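The structure under discussion appears below in the form of structure tokens.
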Amino acid sequence: MRRSRWPFLVTMAVLFFFYLPIIILIVNSFNASRFETGWQGFSLIWYERLFHEPEIWRAAKNSLIIAAVATALSLVIGTTAAVALHRFARSRLQSFHFGLIYTPLVVPEILMGISLLMVFVAAGIKLGLFTIFLAHVTFCISFVAMTVLARLQDFDLSIIEAAQDLGAGWWTTTRRVLLPLLLPGLIAGGLLAFTLSIDDFVITFFVAGPGSTTLPIRVYSMIKFGSPPLINALSTILLVLTFTLVAASQRLSRSER
Amino acid sequence: MKDRRRKLQETLISLPSLFWLSLFFVVPTLFVFSVALRPANPYGGIAPGWTWANIRSLANPNYLVVAWRTVWISVASTLICIMLAVPISYYLARVSAKWKNVFLMLIIVPFWTNFLIRIFAWKVLLHPDGAIKKILAFSGLVSPQASLLYNAGAVVLITVYTFLPFTILPLYAAAEKFDFQLLEAARDLGARRFQAFAKIFLPGVRGGLITAVLFVFIPALGSYVIPDIVGGPGGEMLGNKIAQRVFVDRNLPQAAALSVVLILSVLAPLAAVLILQRKREKSPSLLEVNR
Chain A
2 MRRSRWPFLV
12 TMAVLFFFYL
22 PIIILIVNSF
32 NASRFETGWQ
42 GFSLIWYERL
52 FHEPEIWRAA
62 KNSLIIAAVA
72 TALSLVIGTT
82 AAVALHRFAR
92 SRLQSFHFGL
102 IYTPLVVPEI
112 LMGISLLMVF
122 VAAGIKLGLF
132 TIFLAHVTFC
142 ISFVAMTVLA
152 RLQDFDLSII
162 EAAQDLGAGW
172 WTTTRRVLLP
182 LLLPGLIAGG
192 LLAFTLSIDD
202 FVITFFVAGP
212 GSTTLPIRVY
222 SMIKFGSPPL
232 INALSTILLV
242 LTFTLVAASQ
252 RLSRSER
Chain B
2 MKDRRRKLQE
12 TLISLPSLFW
22 LSLFFVVPTL
32 FVFSVALRPA
42 NPYGGIAPGW
52 TWANIRSLAN
62 PNYLVVAWRT
72 VWISVASTLI
82 CIMLAVPISY
92 YLARVSAKWK
102 NVFLMLIIVP
112 FWTNFLIRIF
122 AWKVLLHPDG
132 AIKKILAFSG
142 LVSPQASLLY
152 NAGAVVLITV
162 YTFLPFTILP
172 LYAAAEKFDF
182 QLLEAARDLG
192 ARRFQAFAKI
202 FLPGVRGGLI
212 TAVLFVFIPA
222 LGSYVIPDIV
232 GGPGGEMLGN
242 KIAQRVFVDR
252 NLPQAAALSV
262 VLILSVLAPL
272 AAVLILQRKR
282 EKSPSLLEVN
292 R
């Protein structure tokens with residue numbers, strides 16, 4: 002039977018569509034021209050300028066701090082959630098629990114942002130790095146829980162019972178059996194939470210106060226009011242960083258399968 | 002005794018996430034409904050007392066235009082995504098395993114970049130002095146004065162760009178499980194190629210199709226950044242109105258009323274899918290009986 006060529010052609014066209022803007026952006030970051038109208042020679046001037054923009058570095062520092070603490074806390078909460086969901090899978094509490102973990106994944110970001118903003122305003126909590134941290138933990142929990150849960154479902158829990166039968170206490174079992182088995186899942190979940198936190202704009206924008214600029218918020222105001230070549234250079238650097246991070250997490254989660 | 006200990010263990014270990022998500026997800030979502038019924042105070046806060054004013058103001062014709070635009074932009078983006086994702090997933094499911102992995106990687110990699118940066122890249126590309134505009138104007142497809150940016154079309158284009166991978170992946174997962182011999186059987190029995198595709202393949206990947214639709218349609222309804230950067234006044238969506246009430250007017254109750262509309266319109270497609278699926282379970286299709 003002769004196959005239609007359509008599916009192949011559509012796939013190729015869409016891949017072109019996916020890469021076109023990103024390639025143009027990277028190329029432009031090395032363009033000496035201030036405007037995006039044509040090629041005026043290779044230059045690193047925009048990368049150099051980037052180093053003289055203290056606000057970008059302050060924003061990057063904020064982003065890193067928030068991502069680090071939000072990842073740490075969401076890892077703890079997300080992992081306990083995954084263990085509960087897996088171990089007590091059939092209880093009624095856990096089907097409610099699963100719904101609670103799952104719903105934030107499908108709700109549009111703007112709704113989470115605005116609802117948190119309203120609660121913070123009503124409770125009189127000052128908007129700033131702390132409220133951003135609370136919001137980031139909230140959306141990271143679900144992603145961590147799902148990642149760790151997938152890892153838990155891959156292995157046989159009877160070894161935990163075996164450890165207990167052999168006389169290991171609760172603490173020993175958790176530390177010597179459960180945690181080492183979960184480690185790849187924890188690393189993958191942690192990296193995911195870290196990238197989501199570093200990348201988030203919409204929710205952050207709603208709960209950020211004056212003086213608590215994160216990197217995506219800075220990028221946003223540069224897009225709206227700033228200089229395009231600087232964003233090209235910054236984007237290219239971020240691209241390389243994200244690639245490295247995601248590639249590392251993919252490799253980790255794959256090598257364990 | 003053992004049962005009670007188990008119950009206690011379960012409660013203890015579920016407590017952190019139950020507590021956190023109740024406090025920072027369930028309570029805030031419910032709170033939006035109550036704020037929608039509160040008057041605003043002039044300092045950007047929420048005043049005591051109750052009022053229907055915010056709900057009533059939703060009938061403002063300006064909002065109706067934006068609501069209608071939000072729906073059609075979301076529907077158009079969803080349709081385009083599905084029309085592109087179906088042939089791609091069909092192709093990926095049939096290509097050799099080695100190429101399959103290469104293609105999947107190629108589809109995912111561009112989306113490791115920051116969402117804002119991808120929108121910015123399109124803004125550059127569609128710029129009046131950009132390459133696409135020049136080619137289109139040169140070939141006479143658009144007039145030299147026309148703008149490719151700041152309209153609803155640009156919003157649809159970039160929404161498709163942003164969510165297409167999320168429609169390809171579930172459809173591909175469904176197509177992987179599809180038995181392609183069914184298509185050959187249909188052809189042998191005299192079905193034309195397109196007939197076999199529409200009547201056998203599409204119902205066969207139904208589950209993936211539903212997930213794919215939800216993965217574009219729901220986030221598109223709540224879209225805010227894309228219309229904000231490339232939409233202009235002619236491409237404004239519900240999300241922009243919510244943001245304007247918050248950041249420009251500092252009127253949280255009004256923003257809450259608009260958010261209630263958005264919450265309900267997100268729940269509608271989800272509920273529709275649940276009802277459809279329940280109906281389907283009662284009357285299994287021919288395809289499932291045959292398997």
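Chains A and B supply the protein sequences, listed in that same order.
Quick note on my numbering: the first sequence kicks off at 2 and runs consecutively.
Quick note on my numbering: the second sequence kicks off at 2 and runs consecutively.
Beta carbons are placed, not taken as given, at the ideal position from N, Cα and C, and that holds for glycine.
Since we're looking at a predicted model, the values are computed, not measured.
Problem - Collapsed DSSP secondary structure at residue 249/A in the structure displayed - result: Helix, per DSSP.
Handout entry: Cross-chain neighbours of residue 259/A in chain B, by beta carbon under 8 Å
Key = Chain A is shown from 2 up to 258; residue 259/A falls before or after that span and cannot be answered.
Exercise for the section: Have a look at 76/A, 24/A, 20/A, 134/A and flag the residue whose alpha-carbon is nearest the alpha-carbon of residue 208/A. Expected result: When only C-alpha atoms are compared, the closest one is 134/A.
Practice task
For the region 218–234 of chain A and the region 12–28 of chain B, state whether three or more C-beta atom pairs, one from each stretch, are separated by less than 8 Å.
Solution key: Contact fails: fewer than three Cβ-Cβ distances are below 8 Å.
Problem - Status (buried if at least 16 other CB within 10 Å, exposed otherwise) for residue 221/A - result: It counts as buried.
Problem - Alpha-carbon spacing of residue 118/B relative to residue 25/A, whole angstroms - result: Distance between the alpha carbons of residue 118/B and residue 25/A: 12 Å.
Exercise for the section: On the DSSP bridge assignment, give the partners of residue 32/A in chain order. Expected result: The partner list for residue 32/A (beta bridge, DSSP) reads 43/A.
Handout entry: alpha helix (DSSP H) segments (min. 4 residues) lying fully within the region 76–146 of chain A
Key = The qualifying runs are 93–107, 110–124.
Problem - Touch test, the region 141–157 of chain B against the region 188–200 of chain B, Cβ-Cβ under 8 Å, three pairs minimum - result: Remark: fewer than three beta-carbon pairs, one from each stretch, lie closer than 8 Å, so the region 141–157 of chain B and the region 188–200 of chain B are not flagged as touching.
Practice task
Evaluate residue 216/B with the Cβ neighbour count: other Cβ atoms within 10 Å of its Cβ, from every protein chain shown; 16 or more gives buried, anything less gives exposed.
Solution key: Residue 216/B comes out buried.
Problem - Under 8 Å by beta carbon: chain D residues contacting residue 123/B - result: Within the model displayed, chain D is absent; protein chains A and B are what it includes.
Exercise for the section: Kindly provide the ranges of any alpha helix (DSSP H) runs that are 4 or more residues long and lie completely inside the region 208–272 of chain B, ordered along the chain. Expected result: Runs of the alpha helix (DSSP H) inside the region 208–272 of chain B: 239–248.
Problem - Secondary structure of residue 192/A, DSSP reduced to three states - result: Helix.
Exercise for the section: Output, in chain order, the set of chain B residues within a Cβ distance shorter than 8 Å of residue 29/A. Expected result: What residue 29/A touches in chain B: 125.
Practice task
Note down, in chain order, every chain A residue with its Cβ under 8 Å from the Cβ of residue 111/B.
Solution key: Residues of chain A with a Cβ closer than 8 Å to the Cβ of residue 111/B are, in chain order, 19, 20, 23.
Handout entry: Same chain, Cβ closer than 6 Å to residue 63/A, five either side skipped, listed in chain order
Key = Counting only Cβ-Cβ distances below 6 Å, and skipping sequence neighbours, we find 215.
Exercise for the section: Run down chain A in chain order and give the residues with a C-beta less than 8 Å from the C-beta of residue 97/B. Expected result: Those within 8 Å of residue 97/B in chain A number zero; the least Cβ separation is about 13 Å.
Practice task
Since I believe residue 161/B is in contact with residue 74/B (beta carbons under 8 Å), could you give me their beta-carbon distance rounded to a whole number of angstroms?
Solution key: Actually they do not touch by this definition, with Cβ atoms about 10 Å apart.
Exercise for the section: With distances taken Cα to Cα, identify the nearest neighbour of residue 120/A among 37/B, 176/B, 220/B. Expected result: Among 37/B, 176/B, 220/B, the Cα nearest to that of residue 120/A belongs to 37/B.
Practice task
Quick one: residues in its chain with C-beta nearer than 7 Å to the C-beta of residue 292/B, no 5 flanking neighbours on either side, listed in chain order?
Solution key: With a pLDDT of only 32 at residue 292/B, under 50, the local geometry of the prediction cannot be trusted, and the value read off the model is given with reservation. Answer for residue 292/B: no residue qualifies.
Handout entry: Residue span of the alpha helix (DSSP H) that contains residue 202/A, given as start and end
Key = From DSSP, residue 202/A is part of no alpha helix (DSSP H); its letter is neither H nor E.
Problem - Cβ-based burial, residue 225/A [other Cβ within 10 Å; buried from 16] - result: The residue is exposed, with fewer than 16 neighbouring Cβ atoms inside 10 Å.
Exercise for the section: Run the CB neighbour count on residue 87/B, radius 10 Å, all protein chains shown included, and call it buried at 16 or more, exposed below. Expected result: Looking at its Cβ environment, which holds 16 or more other Cβ atoms inside 10 Å, residue 87/B is buried.
Practice task
Tell me where the alpha helix (DSSP H) around residue 174/B begins and ends.
Solution key: Counting along the chain, residue 174/B sits inside the alpha helix (DSSP H) bounded by residues 153–178.
Practice task
Step through the CB atoms of chain A and report whether any lies within less than 7 Å of the CB of residue 107/B.
Solution key: Interface residue, yes.
Practice task
Please list, in chain order, all residues of the same chain as residue 252/A whose beta carbon is under 7 Å from its beta carbon, the five residues on each side excluded.
Solution key: Contacts found: none.
Exercise for the section: Take the Cβ of residue 30/B as the centre, count every other Cβ of all protein chains shown within 10 Å, and call the residue buried at 16 or more, exposed below. Expected result: Buried, because 16 or more other Cβ atoms sit within 10 Å of the Cβ of residue 30/B.
Exercise for the section: Go ahead and pull the three-state DSSP assignment for residue 68/B. Expected result: Residue 68/B falls in the helix class under three-state DSSP.
Exercise for the section: With DSSP collapsed to three states, give me the class of residue 41/B. Expected result: Of the three classes helix, strand and coil, the one that applies to residue 41/B here is strand, per DSSP.
Practice task
Please state whether DSSP places residue 289/B in a helix, a strand or coil.
Solution key: Because residue 289/B sits at a pLDDT of 41, beneath the cut-off of 50, its placement in the model cannot be relied upon, and the following sentence gives the value as read from the coordinates. In this structure, residue 289/B counts as helix in the three-state DSSP scheme.
Exercise for the section: Quick one: which residues of the region 202–233 of chain A get their C-beta closer than 9 Å to a C-beta of chain B? List them in chain order. Expected result: If the cut-off is 9 Å between Cβ atoms, the region 202–233 of chain A has 202, 203, 206, 207, 216, 217, 220, 221, 223, 224, 225, 229, 232, 233 near chain B.
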